Amino acid sequence: MVVLDHLTPTQRRALVLADNRLAEMAGWDGELLKIELDELQAEGFDLDLIGFDEQALADLLGEEEPNRQGQTDDDAVPEAPEEPVTQPGDVWILGEHRLVCGDATRAESYQALMGDEKAALVFTDPPYNVAYAADDHQGLKRRPIANDDLGEGFAPFLREALALMMAHLDGACYIAMSSSEIHTLRQVFDELGGHWSTFIIWAKDTFTLGRSDYQRQYEPILYGWPKGAARHWCGDRDQGDVWPIKRPRANDLHPTMKPVELVERAMRNSSRPGDIVLDPFGGSGTTLIAAEKTGRRARLIELEPKYCDVIVRRWEEWAGEKARRVAAGGA
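Written as structure tokens, this is what we have:
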């Protein structure tokens, strides 16, 4: 007789699977096996310990990944309108996706966007240089703000935004940041109970000419998750943390715009089809396009009404569908 009293419920379930594997029992119920493996993985159990090799696990856990094609180039971004249609507080419904014109440091923005739902993944690209003021929370990356103007306001800005973001996340997060402020991001992330795993390095094919002796040709992206989150890893085990990906054509609306390919890779590695992906700094809508391509459900917040119009038009042109606007306070 084998006594299992000393094992946790998770360890007992893993032992049952390992015992069956070692005994080479036939007649696995594939659907039930996948459910068990998914739940063990979500609880942080090392699946390598139960006797399945990497290929077997990949076959068991793998899902058919959508790869939808758009009617425009993935990285094409329309011009911003002179007068925006979107007004603060509006909600846009774009197929399975949602966009709120609101402030990422305000709880009401998340309530309008998420309700009681939680995201399985965050990919976001916050402002790099923010002259943060308590009364407006503005400071978009397209505005040329010198580092000397940041003062002590950048960390409080990040703290407010990341606290709300992490409260609505049960999974991994990818947060892009300038190399000059990556230490601030890491400090705030740690203070809020984040588990830092690594920095993904986006290695660009070209650099922007500046005054430095060496021209910077990369951008760091913090990869981690809230401690205790049920993060999900779908990628294979031979991926490095340097991602050489061509940068999009320069864009005056959003100079630090990320390529869809970059966000798409993160989504496929750290979420499943149908999962909610949150981006509290919607920018030009790259996260939305990546979500549409990969069959995820995007949830975006964007402060600027003009940017919201750009996001909506970009999705409509790419997907060939029409978005629906719900005015602030509307049903």
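Counting in our numbering, the sequence shown runs from 10 upward without gaps. Idealized CB from N, CA, C, for every residue including glycine. Here the structure is a predicted model, which is why all the values come from computation and not from measurement.
* Asked: To the nearest angstrom, how far is it from the Cα of G148 to the Cα of P136?
  -> Taking the first residue of the sequence shown as position 1, residue 148 is located at position 139. Taking the first residue of the sequence shown as position 1, residue 136 is located at position 127. Below a pLDDT of 50, predicted positions are generally treated as unreliable, and G148, at 42, falls in that range; the measurement from the model is reported next regardless. For G148 and P136, the distance between alpha carbons rounds to 7 Å.
* From F166 to Y316, what does the alpha carbon distance come to, in whole angstroms? -> As a working note, residue 166 is residue 157 in the sequence shown. As a working note, residue 316 is residue 307 in the sequence shown. Taking the CA atoms as reference points, F166 sits about 20 Å from Y316.
* Quick one: Cα of V272 to Cα of V286, how far? -> Locating residue 272 in the sequence shown gives position 263, where the first residue counts as 1. Locating residue 286 in the sequence shown gives position 277, where the first residue counts as 1. For the pair V272 and V286, the Cα-to-Cα distance works out to about 11 Å.
* 7 Å CB neighbourhood of A299 in its chain, flanking five on each side removed -> Along the sequence shown, one-based indexing puts residue 299 at 290. If you ignore the 5 residues before and after A299, its C-beta comes within less than 7 Å of the C-beta of V269, V272, E273 and M276, all in its own chain and listed in chain order.
* How would you label K302, buried or exposed, when you count the other beta carbons within 10 angstroms and need 16 or more for buried? -> Indexing the sequence shown from 1 puts residue 302 at position 293. Around the Cβ of K302, a 10 Å sphere holds 16 or more other Cβ atoms; the residue is buried.
* Look at the Cβ atom of G180, then the Cβ atom of S279, and state whether they are nearer than 8 Å. => As a first step, residue 180 must be located in the sequence shown, where it is residue number 171. As a first step, residue 279 must be located in the sequence shown, where it is residue number 270. Here G180 is near S279, since their CB atoms are less than 8 Å apart.
* To do: Identify whether A23 lies in helix, strand or coil by the three-state DSSP scheme.
  => Position 14 of the sequence shown, counted from the start, is the residue given in the question as residue 23. In the three-state scheme derived from DSSP, where H, G and I count as helix and E and B as strand, A23 is classed as helix.
* Asked: Straight-line CA distance for H177 to C243?
  -> Translated into positions along the sequence shown, residue 177 becomes position 168. Translated into positions along the sequence shown, residue 243 becomes position 234. Taking the straight line from one Cα to the other gives about 21 Å.
* Which residues in the same chain as I254 place their Cβ atom closer than 7 Å to its Cβ, once the five residues preceding and following it in sequence are excluded? -> Along the sequence shown, read from residue 1 onward, the residue named residue 254 stands at position 245. For I254, where only same-chain residues beyond five positions count, the Cβ hits under 7 Å are W211, P268, E270 and L271.
* Please name the residue, chosen from E117, A27 and P87, that lies closest to W327 on a Cα-to-Cα basis. => Taking the sequence shown and counting its residues from 1, the one referred to as residue 327 is at position 318. Closest option to W327, Cα to Cα, is P87.
* What residue from A307, F290 and A336 has the CA that sits closest to D134's CA? -> Here residue 134 refers to the residue found at position 125 of the sequence shown. Of the listed residues, the one whose Cα sits closest to D134 is F290.
* Along the chain, where does the alpha helix (DSSP H) that runs through H192 open and close? -> As a working mapping, residue 192 is identified with position 183 in the sequence shown. Where H192 is concerned, the enclosing alpha helix (DSSP H) stretches over I191 to E200.
* Asked: What beta strand (DSSP E) runs, 3 residues minimum, are completely inside the region 195–265?
  -> Counting only runs of 3 or more residues that sit fully inside the region 195–265, the beta strand (DSSP E) segments are 203–212, 227–235 and 251–253, in chain order.
* **Cross-strand partners of E311 (DSSP beta bridge)** => Here residue 311 is taken as the residue at index 302 of the sequence shown, counted from 1. DSSP output for E311 lists C110 as bridge partner(s).
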